[in-house]
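Chemist:
Numbering (the working numbering), first residue to last: 1138 to 1268.
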C-alpha cells in the first residue's frame, strides 16, 4: 500500500505523520510526505527536517517533498491545496491519503480544514483524517 501524507507543520499534521508511520509499518506499506507551500526559507527546511526525523525514528525511508503553489488568495487557496494533494495522489498512484484535520491558528484551521474537506469530498482515494 502506497500512502501519501501532506503536512503543514501543525500539531495535527505531525500527528497524522506519526499515525501514518505506524499504519505503513503495520501494513507493510510505503509512505511519502509532501508539503504544499508558496514560500521558501528556513521554516520550510525546518519542517522537512522534522518530518525526516519522524520517518527515521520509525525506520521509514522517504525524502519529503515540497510541492510549490503560486496562488495564495483566500478562500480559493484552501481549495487549491486540497486539489494539489489530490493531483499528486492520483498522478503518482497512491492508495491512501493520511492527513491532519486542520492547521495552526484560526486561519490555518480554516485553510487546512477546507483542504481536508476538498480531499475527502473528492471520493477518489481513501482518506484517513487525524484530529
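All C-beta atoms in this analysis are idealised placements derived from N, C-alpha and C, irrespective of residue type, glycine included.
Quantities reported herein were computed from a predicted structural model and do not represent experimental measurements.
When the Cα atoms are used, what is the spatial distance from residue 1146 to residue 1232?
Modeler: Near 23 Å, if we compare the C-alpha coordinates of residue 1232 and residue 1146.
Chemist: With 16 other CB atoms within 10 Å as the buried threshold, where does residue 1236 fall?
Modeler: Residue 1236 comes out buried.
Chemist: Rounding to the nearest angstrom, what Cα-Cα distance links residue 1266 and residue 1141 in this structure?
Modeler: Their backbone Cα atoms lie some 12 Å apart in a straight line.
Chemist: Helix, strand or coil for residue 1265, going by three-state DSSP, please let me know.
Modeler: In the structure shown, residue 1265 sits in a strand (DSSP, three-state: E or B).
Chemist: Would you call the CB atoms of residue 1158 and residue 1190 closer than 9 Å?
Modeler: No, they are not a contact pair.
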